[in-house]
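Report on one structure; see the data block that follows.
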Amino acid sequence: MIRDSAEAAARLLSWYDRHRRDLPWRAKPGETADPYRVWLSEIMLQQTTVPAAGPYFRRFTERWPTVRALADSPLDDLLVAWAGLGYYARARNLHKCAQVVANQHGGRFPETEAELLELPGIGAYTAAAISSIAFGRKATVVDGNVERVVSRIFAVETPMPAAKPALRRLTATLTPEDRAGDFAQAMMDLGATVCTPRKPKCMLCPWAEFCDGRAAGIAETLPRKAAKADKPTRRGVAYWLLNPEGAVLLRRRAEEGLLGGMTEVPSTAWGPEAPGDAAVATEQPLPAPWRRLPGVVRHTFSHFHLELGVVAAQAGDGWRAVEGLWVPIDRLGDQALPSVMVKVVRHALSNA
DNA sequence: GACACGTGGGG
DNA sequence: TCCCCAAGTGT
């Protein structure tokens with residue numbers, strides 16, 4: 001049991017100073033944090049691993065060094081740059097947020113949690129993280145790592161998400177006035193490298209001797225969570241249509257919802273059953289002699305599996321009237337293609 | 001509280 | 001193969 005929060009925090013900060021990781025968005029010791037980079041990294045890291053976010057962060061900061069630069073850029077350029085990272089609402093909100101900061105805050109991020117919380121794409125976690133890491137203000141930063149660490153240290157057996165309020169209160173009692181930002185990053189690093197979901201490295205933990213979960217032999221089983229619902233499978237058929245100039249037909253998806261604003265290969269609706277030839281004909285973007293390509297594209301989204309067949313055809317007269325954009329094959333890299341559509345393109349190119 | 005919302009890596 | 005998981009937010 002932790003009896004002295006101040007001592008526990010000091011011990012964790014000492015561990016952090018000795019094991020600090022050098023991440024692309026992290027200010028070096030002595031450097032002043034750049035709120036823009038802190039914000040950008042926190043958005044990219046939402047539900048995303050450090051290795052996945054790293055290259056995107058470098059490309060974004062190279063191309064858009066300031067929040068004003070990002071605000072002045074067209075949304076579509078951001079979506080192209082974000083393609084492949086997932087959760088595309090983050091990119092749409094990133095652009096909105098940049099414009100609000102540029103136009104209503106003079107290009108500077110607000111420092112308080114309450115003000116940050118007003119901004120698009122910034123929730124409780126990100127507001128606390130920016131306020132503490134970028135501005136040195138005391139804030140209770142609670143992410144998945146922190147919930148895991150705290151649930152184990154205090155042996156909280158209440159299942160998630162019901163345990164969230166208690167875990168937040170416990171985290172608040174541990175958070176020091178001084179170096180709150182470093183404390184937050186230390187907690188997250190501890191969760192990411194030592195107090196891991198499976199096979200935690202308790203022998204390396206600076207809090208091992210305080211840890212109630214470890215003492216009870218249940219640390220690895222925490223935090224408790226309900227079983228997840230299994231994912232349904234949806235099926236559809238994508239239309240790989242080439243015009244006489246060798247360009248392929250693409251479309252922009254609706255601005256909201258799944259893959260909102262991203263570019264897609266046109267397809268039938270996605271339903272429980274694979275569309276037959278009749279449905280393929282009904283939903284075709286243009287009448288054409290479709291031939292089915294062998295195989296199927298499989299992809300898994302956050303909440304369902306997708307199986308996409310592909311049909312291909314050459315567009316005859318009337319291709320100019322089709323709604324969408326015709327993109328030369330060698331220019332597909334300029335498009336905001338999400339990973340599932342990259343799979344469709346690859347499948348079509350290798351089977352057509 | 002529950003659900004929508006991506007992706008790639010690891011066991 | 002399949003399930004779990006990652007620095008969550010918006011509705």
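Residue numbers (the UniProt record's numbering): 1 to 352.
Cβ coordinates follow ideal geometry from the N, Cα and C atoms, glycine included.
From a predicted model like this one, the values you see are computed outputs, not experimental measurements.
Residue i - partner residues in DSSP beta bridges
i    : result
E157 : Note: E157 sits in no beta bridge, so no partner.
L308 : G236, V297
G271 : R235
E209 : Bridge partners of E209: none, in fact.
E264 : R251
A313 : L241
K225 : M160
R331 : Bridge partners of R331: none, in fact.
R291 : A312
Per-residue burial, residue i [other beta carbons within 10 Å of its own, 16 or more giving buried]
i           : result
K343        : buried
T126        : buried
S151        : buried
A219        : buried
E42         : buried
M341        : buried
A315        : buried
M1          : exposed
H105        : exposed
S267        : buried
A278        : exposed
D182        : buried
I329        : exposed
A9          : buried
E113        : buried
Q52         : A quick correction: the sequence has Ala, not Gln, at residue 52. Exposed is the call here.
R37         : buried
P338        : buried
L204        : exposed
residue 368 : The chain is shown only over 1 to 352; residue 368 falls outside these bounds and no answer can be derived.
Unbroken beta strand (DSSP E) run spanning residue i, endpoints
i    : result
Y239 : 233-242
P328 : 325-328
A247 : 247-252
8 Å Cβ cutoff met for residue i and residue j
i           : j    : result
V345        : V237 : no
G309        : V296 : yes
A155        : A216 : yes
residue 365 : A313 : With the chain covering 1 to 352 only, the question about residue 365 has no answer from this structure.
T193        : A172 : no
residue 434 : L250 : The displayed coordinates of the chain run from 1 to 352. Any statement about residue 434 would go beyond what the structure contains.
G86         : V149 : no
P206        : R11  : yes
A83         : W240 : no
A163        : P120 : no
Y88         : G246 : no
D212        : I153 : yes
R58         : A81  : no
A6          : P200 : no
N351        : P285 : no
A186        : Y16  : yes
V327        : Q335 : yes
Residues near residue i by beta carbon distance below 6 Å, same chain, minus five either side
i    : result
P232 : F304
A71  : A98, Q99, A102
S302 : none
C202 : A208, R214
T196 : none
L306 : R234, H299
W270 : R234, G236
A274 : R235
H95  : L75, L78
E255 : G261
P35  : F109, A134
Same chain only: Cβ atoms within 7 Å of residue i, ignoring 5 sequence neighbours per side
i    : result
M188 : D143, N145, V146
G333 : none
A184 : A129, S132, I133, V141
V50  : L23
R179 : L13
V280 : V237, T268, W290, V311
S73  : W64
L167 : V142, E147, V150, S151, V156
For residue i, the first and last residue of its enclosing alpha helix (DSSP H)
i    : result
A128 : 124-135
A71  : 67-72
V194 : Premise fails: V194 is in no alpha helix (DSSP H) and is neither H nor E.
M44  : 35-44
W15  : 5-19
S339 : 339-351
Y56  : 50-63
D143 : Neither: D143 is in no alpha helix (DSSP H) and is coded neither H nor E.
R92  : 89-104
A114 : 113-117
D76  : 75-82
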